Amino acid sequence: MADPHLQLEQLRRISVSLAVRVMCDLGELMPMAAVLRENGDIVAIGGETGDAALDRSHRIERLRFRLRRDVDKRGYVATAVIYDALVENPGGVDAEDAIAIELDHRDGVSLFAHIPYEDAQDGPIVGDAETQPGGDYIFRHASA
8 MADPHLQLEQ LRRISVSLAV RVMCDLGELM PMAAVLRENG DIVAIGGETG DAALDRSHRI
68 ERLRFRLRRD VDKRGYVATA VIYDALVENP GGVDAEDAIA IELDHRDGVS LFAHIPYEDA
128 QDGPIVGDAE TQPGGDYIFR HASA
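Take 8 as the starting number for the sequence shown in the numbering used here and just add one per residue.
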């Protein structure tokens, strides 16, 4: 049986690469997701773009709902909800841009990672990931 922490780390790394590629191509990071399926495939899932009136938090919640709805029928082992965020520095003085990733595994492991980045001419330059316990938004609330 695969280690959930290793699977989430693999999904986190791919999610960061995906986020950087989207920011290079589009100039911004709209909420999106990536999933690890039972067969080992990792698949990107785009966020909804049809309703421009939706703010970021509503787009994120729609992605979570979509993942919860599809978790069993699509064979998800782990999920990553990816979005742009502002994260306070340790001193609480300034906030910095970061790629936020909510990682959830069907075995109950949940992490929140944020990866600070700086905009550069050739694309974002990412820093080191910082992780903490996550909110377990997907599998705990999945509808069978």
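For each residue, glycine too, the CB sits at the ideal point set by N, CA and C. Quantities reported herein were computed from a predicted structural model and do not represent experimental measurements.
Going by CA-CA distance only, name the one from the options that's closest to residue i.
i	options	result
residue 28	89, 78, 76, 10	89
residue 14	83, 76, 71	83
residue 108	33, 126, 86, 66	86
residue 75	128, 61, 111	111
residue 91	16, 80, 10, 23	23
residue 31	93, 147, 135, 124	124
residue 21	48, 64, 146	48
residue 128	10, 34, 12	34
residue 93	12, 11, 63	63
residue 148	135, 72, 66	72
residue 46	68, 9, 36	9
Where do the N-terminal and C-terminal ends of the alpha helix (DSSP H) with residue i fall, by residue?
i	result
residue 11	11 to 33
In or out: residue i buried (at least 16 other Cβ within 10 Å) or exposed?
i	result
residue 44	exposed
residue 40	buried
residue 26	buried
residue 113	buried
residue 144	buried
residue 132	exposed
residue 54	buried
residue 102	exposed
residue 18	buried
residue 50	exposed
residue 81	exposed
residue 105	buried
residue 151	Confidence is the limiting factor: at residue 151 the pLDDT is only 49, short of 50, which leaves the residue's position unreliable, though a coordinate-based value still follows. When all chains shown are included, residue 151 counts as exposed.
residue 42	buried
If you follow the beta strand (DSSP E) that residue i is in, where does it begin and where does it stop?
i	result
residue 122	117 to 125
residue 41	39 to 44
residue 140	137 to 140
Taking 7 Å as the CB-CB cut-off, is residue i touching chain C?
i	result
residue 76	No chain C appears in the structure shown, which is made up of a single protein chain.
Would you mind listing the beta strand (DSSP E) stretches within the segment 50 to 102 that are 3+ residues and don't spill past its ends, in chain order? 83 to 95
Do the segment 137 to 144 and the segment 101 to 119 touch if we need at least three Cβ pairs shorter than 8 Å? yes
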